[in-house]
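Data first, discussion second: the structure below is written as structure tokens.
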Amino acid sequence: MSLIWIKDLRVSFDGVQVLHGINLQVGKGESIGLVGESGCGKSVTWLAALGLLPQRAQISGSVTLEGRELVNASRGELEQVRGGRIAMIFQDPSSSLNPVQRVGKQLDESLRLHRGLSGATARAEAIRLLDLVGIPSAKTRIDLYPHEFSGGQCQRIMIAMALAGEPDLLIADEPTTALDATIQAQILDLLATIRHETGMAMVFISHDLGAVSAVCDRAAVMYAGRVVEQNHIGELFDNPRHPYTVGLFEAIPELQGPRRRLQPINGTVPNPRHLPRGCAFSPRCAHASDFCRSAQPALLQQPDGGQVACFHPVRDPRRTFSPASAELAA
Amino acid sequence: MLRHILSRLVRSFLTLMLVMTFAFLVLRLSGDPALILLGPDAPQDAINAFRERWGLNDPIWKQYLAYLVQLLTLEFGVSMRDQVPALDLVLSRIPATLAITLPALLLKVGLGIPAGVYAALHRQSIADRGVITLSILGFTVPSFVLGLLLVLVFAVQLGWLPSGGQEGVEHALLPILTLSVGGIGIMARFARSAMIEVLGQPYIRTAMAKGLSWRSVVWKHALPNAAVPIVTLLGFMIGSLIAGAAVVESIFSWPGVGRLIVTAVANRDLAVVQALLLVIASSMIVANFLVDLAYGLLDPRLRSRRAAH
Amino acid sequence: MSVLLQASGLCQQYTTGKTLFKHPTVVRAVDSIDLEIREGEIAGIVGESGSGKSTLGRMLLGIEPPYRGELTWRGAPMPAPGTPEWRRLRREMQLIFQDPLAALDRRMTIADQIGEPLEIHGLVPREAIRNRVSELMGKVGLRPDQAGRYPHELSGGQRQRVVIARALAMAPKFLVCDEPVSALDVSIQAQVVNLLYDLKLEEGLTMVFISHDLKVVRNLCDRVVVMYLGRIVEEGPADEIFANPRHPYTQALVSSVPSAGRGHAKRILLQGEPPNPASRPSGCAFHPRCHLADAACKAEAPALIRDSHRLAACLKLRAAPNQDQVREIHA
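Residue numbers (my numbering), protein chains in the order written: chain P, 2 to 331; chain Y, 36 to 344; chain C, 2 to 332.
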């Protein structure tokens, strides 16, 4: 049974719809990647699920956590879920911690809230968590302030804080984007280890396909407020079906293999105020037909276990890097 | 920390000297002080007597040295009008001024900050708009207009409160009200924008994602961070506790420092003017010092930046 | 290929924390850099925050005068800032950096901004400016109908094209691109990377491409310089550096990049934090994070040693054959 089940989730801000019916399930202990470019709605989906969007956001649809409905749930119910059942870490670790509060106190707050710990027990547990996420000499550094840690360490502290509530699900929203490459690798490794040890499920939101494949079992690709493709990591990377997924792969250079000319996706991400008719990707799609420009494809189950929302999915089972020169488009 | 405080004290002293030197330069070099203070129509022998009395015939460096000695010994001479030591005269006026400026400060803080914070927490609500409108009204109406208006309504029309004097609490009410209205408005605006800024920060989202109640998010995470900019404004207000009530004291004939400024300047009482300058500059510097200490207490980032120095 | 720009012993240092009562700290951001930029190549500079790569980029342009060391342009020393020769050289060398919105004037149409340098420097007759602007816009892939737009009406990728077109207006020979695609979405990134590549091919432009994105660097650059704490630790042809990194830091850097579909197999995880230029470790600056480090590495700063066409600075590589040439690094 699914841990969390998102059904037809729609969000709009001041009348502009940014999510157009998201369907997604996360099983217990499962790790799912959410991939897409800026503005595709990958963060909004989870902020909406946890009721963390500003009040002007209009949300419809359903998000259930083991059968419990979260959309329009009471403040009290949501506060129990946040941090306790579902924890979240964010892109910019240094500014995600309260700058005027000691790190130990910020951890203590979560331990008190979700585990009822206080005083010396809470402090001991906080030190254990800092140790666990790899903060050196946690015992003495627990009373430091966030600015006394580097960005990578702040992200470790954020992870410790997320673990404090012993959540069933961790939402990691671009947790490594702001970090240097070698530190990025450390954090990805830490996330994978912790997931392995705690059995916690994870949603890993990122625009970095490499990072996603490092820590996830399954991934969903989002475009303009919709999931356009979803599959197991292996299948998705070896055999992408949606032209946008294929385009993303072609656009990203490789570190191995022959050097090649990159193949950009023509055009730009559409403005949510003026979405194209039909499939939102059709203006940038080489495979688009007139039909694509008039009707919206549904996300359909595929024989290989994946889901694709496309009228003309890419048939070639093998990903090819054609050296053909791509036109530079405006 | 001790080292920091010491270095601050040295710097404060240097600042004070700088201010007083500037005052000296302005008073002496912008023309003949005798003419400026006595006016162009003064008789020549009055001017000569004034020059003799204040040593204005000496070379400028000698005057400056004498001035420095005055400053360091706190001996400014005797007030021409009241025949008491100038500094004593100034100091004796401070309690009366504080009697109205301190309650006004409490009102600014006690009403301005909560109103601003409430408005920030209920953005775009009727309450928010009300706070914005009232605060604009508060700090755009000049205090002499507001003071006269209050006198007109409460003293003249209704006869509830006296229009001037310093006999009892009821005499202080109108000056306090006049003094505080603008400050409440400014404080509310400032607290509101500080709070809105803080509420948009990523760590507030983190606090909410932790499962804290909204009340805890506001009290434990938002307010301590919003306090830093608010303290800056508070520093300005504390700095003007002594000298900031000149207009209001004049309107309500309140015998405080502010009115002394007006009368000392009007009477060309140079000793008193210089003593006033010293006291006012000192109060500003002390306020600044307090703000700096408060920053250190409120924001650990500023503390360690100092330690690193 | 002839050498366009040569740096020797380039150093930059900043003094921070200077007050009346405290001793200042000297931070060495760039330390004894010897580097050649050859005509028509794209040289990549990679490194993490604090490696000094952006500072080096600005110094190569002559915008930041070096604390020590020398720069020659086509064999002649760089003219002193402010002289007419220096100003002429400025036109030949352009900088493109990460945030195009900050580089553009919000209140001017993009055509006006592209045309502005032409007008200021009188590069083309006034009546020809319009034609030249539309030619430049075409070259960077902007449509003619976008000429009247303002920066905020364009996407991030389009803005970066405007910045590039404006730089091209001066007919430069040399571009320093400091993280030019880092703020862009992946699909757009590829557009700008290809544009830069075409400019090299078609215009013969020489470029220094500074980036933390190894994948982009590998695909665009001919040669790569790896920096760590202000020094070059490895240098060589892009293909070889990434296929067969020699310096332990480069090895870790290359393996820290997760590749799509394969994730993190056989990666080297570096311990510790990115280094702080204000407190530089003794000996080899990388030794506290290096799995090969021993007492010697702590004591001695390794020189950048040439091995055929590659350079690396690591004591552990000394045993390697083919020590053709040794370039000393002055501490």
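Glycine included, every Cβ here is placed at the ideal spot set by N, Cα and C. Here the structure is a predicted model, which is why all the values come from computation and not from measurement.
Shown here, A300/C sits in a helix according to DSSP, grouped into three states. Here G45/C is bridged, per DSSP, to F210/C and V225/C. Counting along the chain, I167/Y sits inside the alpha helix (DSSP H) bounded by residues I161 to T175.
For a cut-off of 8 Å, the C-beta gap from L66/P to R86/P is around 6 Å, short enough to register as a contact. Of all residues in the stretch 271–305 of chain P, none comes within less than 9 Å of chain Y when Cβ atoms are compared. It is roughly 26 Å from the alpha-carbon of A314/C to the alpha-carbon of G76/C. Under DSSP, the beta-bridge partners assigned to L35/P are I206/P and A221/P. If you ignore the 5 residues before and after R268/C, its C-beta comes within less than 7 Å of the C-beta of S256 and S257, all in its own chain and listed in chain order.
Pairwise C-beta distances place the stretch 164–179 of chain Y in contact with the stretch 213–222 of chain Y, as three or more of them are shorter than 8 Å. Taking each of V163/C, G149/C and Y250/C in turn and checking the Cα distance to L137/C, the smallest one comes out for V163/C. In this structure, the beta-carbon distance from Q99/C to A184/C falls below 7 Å. M89/P sits buried, since 16 or more C-beta atoms from the chains shown fall within 10 Å of its C-beta. With a threshold of 16 other beta carbon atoms within 10 Å, F85/Y meets it and is buried. For A139/P, the closest C-alpha among the options L145/P, Y146/P and L131/P is that of L131/P. Look at L170/P: its C-beta is not under 7 Å from any C-beta on chain Y.
By a beta-carbon distance limit of 8 Å, F111/Y contacts A121/Y. Their separation comes to about 4 Å. Put simply, the CB of Q252/C is far from chain P, with every gap to its CB atoms at 7 Å or more.
D186/C has its alpha-carbon roughly 37 Å from the corresponding atom of E78/P. Contact annotation: the stretch 55–71 of chain P does not touch the stretch 217–231 of chain P, with fewer than three C-beta pairs closer than 8 Å. N267/P and V19/P have their alpha carbons spaced roughly 22 Å apart.
Per the C-alpha coordinates, the member of A278/Y, G293/Y and G279/Y positioned closest to S285/Y is G293/Y. Against chain Y, a Cβ distance below 8 Å from D144/P picks out nothing, because the smallest value is about 11 Å. Residues of chain Y whose Cβ lies closer than 8 Å to the Cβ of S97/P are, in chain order, P237, Y238, R240 and T241.
Contact between G149/C and I189/C does not hold, since the beta-carbon distance rounds to 22 Å and is not under 8 Å. Of the residues assessed, K174/C falls on the buried side of the cut-off, its CB having 16 or more other CB atoms within 10 angstroms. Taking C-beta separations shorter than 7 Å and ignoring five residues to either side along the sequence, the partners of A30/C in its chain run Q13, Q14, Y15, G53, T56, G231 and P278, following chain order. The three-state secondary structure of W195/Y, taken from DSSP, is coil. The Cβ atoms of G30/P and A202/P sit closer than 7 Å to each other. Taking a 10 Å sphere around the C-beta of I206/P, we find 16 or more other C-beta atoms and assign the residue as buried. Within the stretch 109–141 of chain P, the runs of alpha helix (DSSP H) that reach at least 4 residues and sit entirely inside it are, in chain order, 120–133. With a 10 Å radius around the Cβ and a threshold of 16 neighbouring Cβ atoms, K97/Y comes out exposed. Look at S160/Y: its C-beta is not under 7 Å from any C-beta on chain P.
Around the beta carbon of V297/Y, a 10 Å sphere encloses fewer than 16 other beta carbons of the protein chains shown; the residue is thus reported as exposed.
Within chain C, the residues whose beta carbon sits less than 9 Å from that of I184/P are E49, S257, L271, E274 and P275, listed in sequence order. For S138/P, no chain Y residue has a Cβ inside 9 Å of its Cβ, as the nearest lies near 18 Å away. Secondary structure of Y151/C (DSSP, three-state): coil.
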